[in-house]
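To keep things clear, I will list the structure first and then write my remarks on it.
2 protein chains.
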Amino acid sequence: MSEKKVSAAVIRRLPRYFRYLGELLNQGIDRISSNELSERMGVTASQIRQDLNCFGGFGQQGFGYQVDFLYNEIGNILGVYNGYTVIIIGAGNLGRALANYRFFNREGYKIIGIFDNAQEVVGETIKDLTVLHVDALEQFMGQQQADIAILAIPRDTVPDIAEKLVKYGIKGLWNYSFAELSFDEPVAVENVHLSDSLMTLSYKVAQLEK
Amino acid sequence: MSEKKVSAAVIRRLPRYFRYLGELLNQGIDRISSNELSERMGVTASQIRQDLNCFGGFGQQGFGYQVDFLYNEIGNILGVYNGYTVIIIGAGNLGRALANYRFFNREGYKIIGIFDNAQEVVGETIKDLTVLHVDALEQFMGQQQADIAILAIPRDTVPDIAEKLVKYGIKGLWNYSFAELSFDEPVAVENVHLSDSLMTLSYKVAQLEK
DNA sequence: TAGATTGTTAATCGATTAACAATC
DNA sequence: TAGATTGTTAATCGATTAACAATC
Numbered sequence: 001m002s003e004k005k006v007s008a009a010v011i012r013r014l015p016r017y018f019r020y021l022g023e024l025l026n027q028g029i030d031r032i033s034s035n036e037l038s039e040r041m042g043v044t045a046s047q048i049r050q051d052l053n054c055f056g057g058f059g060q061q062g063f064g065y066q067v068d069f070l071y072n073e074i075g076n077i078l079g080v081y082n083g084y085t086v087i088i089i090g091a092g093n094l095g096r097a098l099a100n101y102r103f104f105n106r107e108g109y110k111i112i113g114i115f116d117n118a119q120e121v122v123g124e125t126i127k128d129l130t131v132l133h134v135d136a137l138e139q140f141m142g143q144q145q146a147d148i149a150i151l152a153i154p155r156d157t158v159p160d161i162a163e164k165l166v167k168y169g170i171k172g173l174w175n176y177s178f179a180e181l182s183f184d185e186p187v188a189v190e191n192v193h194l195s196d197s198l199m200t201l202s203y204k205v206a207q208l209e210k
Numbered sequence: 211m212s213e214k215k216v217s218a219a220v221i222r223r224l225p226r227y228f229r230y231l232g233e234l235l236n237q238g239i240d241r242i243s244s245n246e247l248s249e250r251m252g253v254t255a256s257q258i259r260q261d262l263n264c265f266g267g268f269g270q271q272g273f274g275y276q277v278d279f280l281y282n283e284i285g286n287i288l289g290v291y292n293g294y295t296v297i298i299i300g301a302g303n304l305g306r307a308l309a310n311y312r313f314f315n316r317e318g319y320k321i322i323g324i325f326d327n328a329q330e331v332v333g334e335t336i337k338d339l340t341v342l343h344v345d346a347l348e349q350f351m352g353q354q355q356a357d358i359a360i361l362a363i364p365r366d367t368v369p370d371i372a373e374k375l376v377k378y379g380i381k382g383l384w385n386y387s388f389a390e391l392s393f394d395e396p397v398a399v400e401n402v403h404l405s406d407s408l409m410t411l412s413y414k415v416a417q418l419e420k
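Protein chains in written order, with my numbering: chain A, 1 to 210; chain B, 211 to 420.
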């Protein structure tokens, strides 16, 4: 295994390549050079070749890259085809929005459960799934293998639930709350701070006005 | 003006400082050294001092930083107190979730309009706001100054609407779609690619299994 | 084969970290 | 004043870009 420890910067660019290649596929383009892709994406061809070669030689000299092949390879690297199962913790507005997020179905992610702690929400049906009480999590996790949990609950409720999920064997946490998470166990965590993104935008807007 | 062109890496860290300082305020801590903050945040004290000094000397030698003062300064830099007005384009699940996102009210952002193109949604009330038809955007923008527009609509509808919004004088676009935006006019754009975040998580999960 | 474009090494650039003089 | 900690310069590290030999 040529595990050279790929930098986070490279990893974060992979989904973008994946998107652009998917787009090319839709357009019926079956072959592309790093140079043409670089023009479309607004990055350097050098960076594209460097990035890809962290994982292997996916191109052919003198020819370029086969779009469908490269698309699939990047999808594999990202684990898009691993059929990861997803549960949503929190059936509020955000949880519902994510439950209906089409990306999950378009790619290989499958939502298999939605949980909430409010009695008036438990029993409701969202996207063919009956909302369960969070207290049912342990039992649920004993019966089904959920790989990823989306944390769409208020900050103060997160640490407790997150710890339980890890205990029950969750592999990844997609955290939409402000809570900072860290565990002794090997768990993948990805934080989505929408407010950070908004404030970054806000900064850019403020800059325009100067 | 000491406009030294602050790097994007620094800008993206500011919201995180802002969050941590807000937390310290809540805890009643009124003074902190770069060293202690670095331990809490898991970054180097050097980086904190370097970052802050891109904007000015906010500390006191031998003493540290006054938490409330620094919090406010960073808020100012980020434009959090500029009272930016926000409109939401798209009253689907995501638009509704964002309409109810408490961060807006907690900080100085004010949602003043929600728009959709579906007749069955227009007229509905979300968060005290009546959903308007997107065709009413021009008139609306003629009467009120909306600073930021949230694009929570399908990709193919984005370019057209975005162009109009820019024409009507929008200053910032918070783009949740896959559409890639670019304009001749000076407009701030911040893209939120939730799917990129999910795939990054997916990659990390896949790594655990090796 | 000649032309094109990759894979990869080397050069550059920028960002992070370390060190320390300034100063509260 | 002495001690502490900043602001800032210098050193290091890593990431990006450029160049080119390998090869399809």
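Think of the CB as a built atom: it goes at the ideal place given N, C-alpha and C, for glycine as much as any other residue. Remember, it's a predicted structure, so these values are computed and weren't measured experimentally.
What does the Cβ neighbour count give for residue 258 (chain B), buried or exposed, with the cut at 16 atoms within 10 Å?
The residue is buried, with at least 16 neighbouring Cβ atoms inside 10 Å.
Tell me, please, whether the CB atom of residue 154 (chain A) is closer than 7 Å to any CB atom in chain B?
Cβ-Cβ to chain B under 7 Å: no for residue 154 (chain A).
Between which residues of its own chain and residue 148 (chain A) is the CB-CB distance below 8 Å, once the five residues before and five after are set aside?
Result list for residue 148 (chain A): 84, 85, 86, 87, 109, 170, 171, 172, 173, 174, in chain order.
Can you say whether residue 400 (chain B) is buried or exposed, counting buried as having 16 or more other CB atoms within 10 angstroms of its CB?
It is buried - the Cβ of residue 400 (chain B) has at least 16 other Cβ atoms within 10 Å.
Mind checking who residue 129 (chain A) pairs with in its DSSP beta bridge?
Residue 129 (chain A) is bridged by DSSP to A:126.
Measure the alpha-carbon distance for residue 364 (chain B) versus residue 387 (chain B) and round it to whole angstroms.
If you take the alpha carbons of residue 364 (chain B) and residue 387 (chain B), they lie about 6 Å apart.
Beta-carbon of residue 398 (chain B) versus every beta-carbon of chain A: anything under 7 Å?
Residue 398 (chain B) counts as touching chain A.
Strictly under 7 Å for the Cβ-Cβ distance: is residue 278 (chain B) near chain A by that measure?
Residue 278 (chain B) does not count as touching chain A.
Going by the DSSP bridge assignment, what does residue 296 (chain B) pair with across the sheet?
Residue pairing by DSSP places residue 296 (chain B) opposite B:321, B:358 in a beta bridge.
C-beta contact flag for residue 37 (chain A) and residue 71 (chain A) at 7 Å:
Contact flag unset, no.
Can you look up residue 234 (chain B) in the DSSP assignment and give me helix, strand or coil?
Looking at residue 234 (chain B) - three-state DSSP - the assignment turns out to be helix.
Based on the DSSP secondary-structure assignment, which residues constitute the bridge partners of residue 65 (chain A)?
DSSP lists A:32 as partners of residue 65 (chain A).
For chain B, check one thing: does any of its Cβ atoms lie closer than 7 Å to the Cβ of residue 96 (chain A)?
Yes, contact with chain B.
According to a CB-to-CB cut-off of less than 8 Å, which residues of the region 287-300 of chain B neighbour chain A?
Within the region 287-300 of chain B, the residues whose Cβ lies closer than 8 Å to any Cβ of chain A are, in chain order, 287, 288, 289, 290, 292, 294.
State the beta-bridge partners of residue 383 (chain B) as determined by DSSP.
Under the DSSP definition of a beta bridge, residue 383 (chain B) partners with B:359, B:399.
Separation of residue 309 (chain B) from residue 31 (chain A), as counted between CA atoms
Rounded to whole angstroms, residue 31 (chain A) and residue 309 (chain B) show a C-alpha spacing of 42 Å.
Comparing the C-beta of residue 372 (chain B) with each C-beta of chain A, is any distance below 7 Å?
No, because no Cβ of chain A sits closer than 7 Å to the Cβ of residue 372 (chain B).
State the start and end residues of the unbroken alpha helix (DSSP H) segment that holds residue 313 (chain B).
Note, residue 313 (chain B): alpha helix (DSSP H), 312-316.
Does DSSP put residue 394 (chain B) in a helix, in a strand, or in coil?
Correct three-state label for residue 394 (chain B): coil.
Supposed contact pair residue 128 (chain A) and residue 271 (chain A) - C-beta distance, whole angstroms, cut 8 Å
Because residue 271 (chain A) is not part of the residues shown, which for chain A are 1 to 210, the question remains open.
Give the DSSP bridge partners of residue 60 (chain A), in chain order.
Within the DSSP secondary-structure output, residue 60 (chain A) pairs in a beta bridge with A:64.
Could you tell me which chain B residues have their CB closer than 7 Å to the CB of residue 195 (chain A), listed as they occur along the chain?
For residue 195 (chain A), the chain B residues whose C-beta falls within less than 7 Å of its own C-beta are 225, 313, listed in chain order.
Neighbour list for residue 281 (chain B) in chain A, Cβ cutoff strictly below 9 Å:
Contact annotation for residue 281 (chain B) against chain A: no contact, minimum CB-CB distance about 13 Å [criterion: below 9 Å].
Could you confirm whether any beta carbon from chain A is found closer than 7 Å to the beta carbon of residue 254 (chain B)?
Residue contact with chain A for residue 254 (chain B): absent (no Cβ-Cβ distance below 7 Å to any residue of chain A).
Contacts that residue 381 (chain B) makes with chain A (C-beta to C-beta distance below 7 Å)
Chain order gives the chain A residues near residue 381 (chain B) as 205, 208, where near means a beta carbon separation below 7 Å.
Could you check if residue 394 (chain B) is buried or exposed, using at least 16 other CB atoms within 10 Å of its CB as the buried criterion?
Label assigned to residue 394 (chain B): exposed.
So residue 388 (chain B) contacts chain A; which residues on that side make the cut at Cβ distance below 7 Å?
Going along chain A in sequence order, the residues near residue 388 (chain B) (Cβ under 7 Å) are 19.
Using CA atoms only, rank isn't needed, just tell me which of B:302, B:345, B:397, B:330 is closest to residue 362 (chain B).
The residue among B:302, B:345, B:397, B:330 with its C-alpha nearest the C-alpha of residue 362 (chain B) is B:302.
Just the Cα atoms here: how many angstroms apart are residue 288 (chain B) and residue 223 (chain B)?
Near 11 Å, if we compare the C-alpha coordinates of residue 223 (chain B) and residue 288 (chain B).
Does the beta carbon of residue 411 (chain B) come closer than 7 Å to any beta carbon on chain A?
Taking Cβ atoms only, chain A reaches closer than 7 Å to residue 411 (chain B), which makes this a yes.
Tell me whether the beta-carbon of residue 159 (chain A) lies closer than 7 Å to the beta-carbon of residue 409 (chain B).
At least 7 Å separates the beta-carbon of residue 159 (chain A) from that of residue 409 (chain B).
Sorted by chain position, which residues of the same chain lie with C-beta nearer than 8 Å to residue 235 (chain B)'s C-beta, five sequence neighbours on each side aside?
If you ignore the 5 residues before and after residue 235 (chain B), its C-beta comes within less than 8 Å of the C-beta of 277, 278, 281, all in its own chain and listed in chain order.
Any beta carbon from chain B within less than 7 Å of residue 121 (chain A)'s own beta carbon?
Chain B contact via Cβ: absent.
Helix, strand or coil for residue 2 (chain A)? Go by DSSP, reduced to three states.
Its pLDDT being 40, under 50, residue 2 (chain A) is placed unreliably by the model, and the measurement read from it follows with that caveat. Secondary structure at residue 2 (chain A): coil, using DSSP grouped into helix, strand and coil.
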